[in-house]
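Only one structure is covered here, and it is reproduced in the block below.
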Amino acid sequence: MNIISFSREELKTMIYLCTALYFEATPFIKTFQLKRNSNFTRFAVYNNDEIFLIVTGTGANAAIGLTYFLSTIAITPEDVLINVGVCGSTNKDQSIGSPYLIHKIKDHSTNLTYFPEMLYKHPFLESSIESCPTIINTTQIQTLTEPLIDMEASYIYQAASYFIKPHQLIIFKIISDHLEGQRISKEEIEKLISPHIIPLIEWVNMLSSTILVHNKIFSVEEIKLYEELVIKLRLSATMQAKLKQLLLYAKNCNKPISSIMYEFQQSNDIVDLKVKSEGKRYFELLLSKLI
C-alpha cells in the first residue's frame, strides 16, 4: 500500500475530518471547496491544501473506512482528526441543532466506555454519547444510558487509537432528532451542520497550533505524581482516563494539581492497598478534590 505524504514545511498541521454520511460531509465540501481525491478508491475522500475528509459509512464500516484512510496517509503528531456528524438525543432539553463536544463514549454492544482526552478550553457544550451498531427503534430506547446516540463514535475512537494519540481526536456532534422515528432529509442535515463549520474549524486551527503542537500539558512533577497514584490506587484503564481528564480540567481552571496530588498521598494511607475496592474508594475521594 502506498503512503500519501506531505511536506511539513508546506502543511504544518492537517485537519482530517470523517463523517459517516455523505450529507454530513456536503457542507464541509462546499464551504472549503474540497475536491474528490482519486488516490483513494475504496472510500470517498475529498481535500484541499489544509483539510482532508473521508466518508466512512456507519457502524463497523466507520472503523473499516477510517483504518483504510489512516493506514494510507502519513499522519503526524501535529495533526487533528475530527469525527463530525448528526446524532439523536434521548433528552428533549437538548435542543435540535445544538452542537456538543463528546467527553465520554459508550459502546452499546459491548458496554465498554471510552474517554476522549479534553486537553483544551473550548466554547462548546459537552455531552456523552452511546454508539449503536444499528438504528434504534422506539422499543429499544429504554436500554440506552447516555443522552446522545449515534452509530459510529465508538468505532471511530477504537480505530483512531491505533494511529494517533487520544488528544488528537475530537468527536463533534449536532443533535438532529429526539429518536421519535421521523425521517430527516439530506437538506435538513446540511442545515443543521452548516452553522457550526466555521466556529469548529477556527477553534481547531487555534488549538492545533498552540496546545497540541507547542505546549507540554503536564510538568514532569505532575506526571510523576499521577503515575504514583495510578500504581498505588490500582487504577483500571477507565479510571486512569477519568483521572487524567479531571486533572486536565483542574489545571485549565488554574488549580494546583501537584499540591492536590501530593497532599492526597501524604494524608491518606494508600501505600499498600490490598483490594481494588479500597483503591476505588480513595479514587472517588481524590476526584472530589479536583472538581
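The sequence shown finishes on residue 296 if you use this note's numbering, and the numbering steps up by one all the way, no holes. Just so you know, even glycine gets a beta-carbon here, dropped at the ideal spot from N, CA and C.
Which value, in whole angstroms, describes the spacing of the CA atoms of residue i and residue j?
{"i": "isoleucine 141", "j": "glycine 93", "result": "10 Å"}
{"i": "glycine 186", "j": "isoleucine 34", "result": "28 Å"}
{"i": "aspartate 274", "j": "serine 293", "result": "17 Å"}
{"i": "serine 159", "j": "lysine 191", "result": "24 Å"}
{"i": "isoleucine 189", "j": "glutamate 29", "result": "12 Å"}
{"i": "isoleucine 87", "j": "tryptophan 208", "result": "12 Å"}
{"i": "asparagine 210", "j": "serine 282", "result": "43 Å"}
{"i": "tyrosine 162", "j": "threonine 81", "result": "17 Å"}
{"i": "valine 276", "j": "lysine 97", "result": "46 Å"}
{"i": "asparagine 42", "j": "valine 50", "result": "6 Å"}
{"i": "phenylalanine 269", "j": "proline 204", "result": "40 Å"}
{"i": "isoleucine 198", "j": "glutamine 245", "result": "33 Å"}
{"i": "valine 60", "j": "cysteine 258", "result": "37 Å"}
{"i": "glutamate 195", "j": "lysine 256", "result": "37 Å"}
{"i": "glutamate 83", "j": "proline 104", "result": "25 Å"}
{"i": "alanine 25", "j": "proline 32", "result": "13 Å"}
{"i": "threonine 139", "j": "glutamine 147", "result": "15 Å"}
{"i": "threonine 143", "j": "leucine 184", "result": "7 Å"}
{"i": "phenylalanine 48", "j": "arginine 239", "result": "43 Å"}
{"i": "isoleucine 56", "j": "isoleucine 110", "result": "25 Å"}
{"i": "glutamate 157", "j": "lysine 249", "result": "24 Å"}
{"i": "glycine 90", "j": "threonine 72", "result": "18 Å"}
{"i": "glutamine 99", "j": "lysine 247", "result": "24 Å"}
{"i": "leucine 230", "j": "proline 171", "result": "21 Å"}
{"i": "phenylalanine 168", "j": "lysine 40", "result": "25 Å"}
Taking residue i as part of the beta strand (DSSP E), name the residues at either end of that continuous run.
{"i": "alanine 49", "result": "49–52"}
{"i": "tyrosine 162", "result": "Run containing tyrosine 162: none in the beta strand (DSSP E); it sits in the alpha helix (DSSP H), 158–165."}
{"i": "serine 94", "result": "85–94"}
{"i": "tyrosine 21", "result": "20–24"}
{"i": "proline 104", "result": "104–112"}
{"i": "phenylalanine 33", "result": "Taken as a continuous stretch (DSSP letters only), phenylalanine 33 belongs to no beta strand (DSSP E), being part of the alpha helix (DSSP H) at 27–36."}
{"i": "leucine 39", "result": "Neither: leucine 39 is in no beta strand (DSSP E) and is coded neither H nor E."}
{"i": "isoleucine 59", "result": "56–60"}
Considering only C-alpha positions, which residue in the set the options is nearest to residue i?
{"i": "methionine 266", "options": "Leu251, Phe28, Asp277 and Gly102", "result": "Leu251"}
{"i": "leucine 253", "options": "Val85, Ala25 and Ser224", "result": "Ser224"}
{"i": "leucine 291", "options": "Ile161, Val280 and Gln271", "result": "Gln271"}
{"i": "glutamate 233", "options": "Trp208, Phe288 and Glu29", "result": "Phe288"}
{"i": "isoleucine 296", "options": "Lys196, Lys260, Gln145 and Val280", "result": "Lys260"}
{"i": "serine 241", "options": "Tyr119, Ile107 and Ile203", "result": "Tyr119"}
{"i": "leucine 130", "options": "Thr148, Gln145, Ile107 and Pro138", "result": "Ile107"}
{"i": "glycine 70", "options": "Ala165, Gly102, Pro32 and Leu238", "result": "Ala165"}
{"i": "leucine 22", "options": "Ile101, Pro121, Thr46 and Ile206", "result": "Ile206"}
{"i": "methionine 19", "options": "Lys40, Lys279, Val85 and Asn44", "result": "Val85"}
{"i": "lysine 285", "options": "Ser264, Lys237, Ser263 and Thr95", "result": "Lys237"}
{"i": "phenylalanine 45", "options": "Gln38, Phe37, Leu58 and His201", "result": "Leu58"}
{"i": "serine 264", "options": "Pro121, Ile228 and Thr243", "result": "Ile228"}
{"i": "threonine 36", "options": "Thr243, His201, Leu278 and Val235", "result": "His201"}
I want to see whether chain D comes within less than 8 Å of residue i, judged by CB atoms only; does it?
{"i": "tyrosine 160", "result": "Note that chain D does not occur in the displayed structure, where there is just one protein chain."}
Could you please give the first and the last residue of the uninterrupted alpha helix (DSSP H) stretch that includes residue i?
{"i": "leucine 75", "result": "65–75"}
{"i": "glutamate 297", "result": "No answer is possible for residue 297: it lies beyond the span of the chain, which begins at 6 and ends at 296."}
{"i": "glutamate 149", "result": "Position check: residue 149 holds leucine in this sequence, whereas glutamate was assumed. Neither: leucine 149 is in no alpha helix (DSSP H) and is coded neither H nor E."}
{"i": "phenylalanine 288", "result": "281–295"}
Flag this pair as touching only if the stretch 63–78 and the stretch 145–153 have three or more C-beta atom pairs under 8 Å; answer yes or no.
no
For the 8 Å Cβ check, are there 3 or more pairs between the stretch 117–131 and the stretch 67–77?
no
Quick test of the definition: if touching needs 3 or more C-beta pairs under 8 Å, does the stretch 112–123 touch the stretch 178–192?
no
Count the CB pairs spanning the stretch 127–138 and the stretch 158–177 that are closer than 8 Å, and state whether there are at least three.
yes
At 4 residues or longer, what runs of the alpha helix (DSSP H) sit wholly inside the stretch 217–261?
225–237 and 242–257
Enumerated in chain order, which unbroken segments of the beta strand (DSSP E) with a length of 3 residues or greater are wholly contained in the stretch 167–214?
174–182
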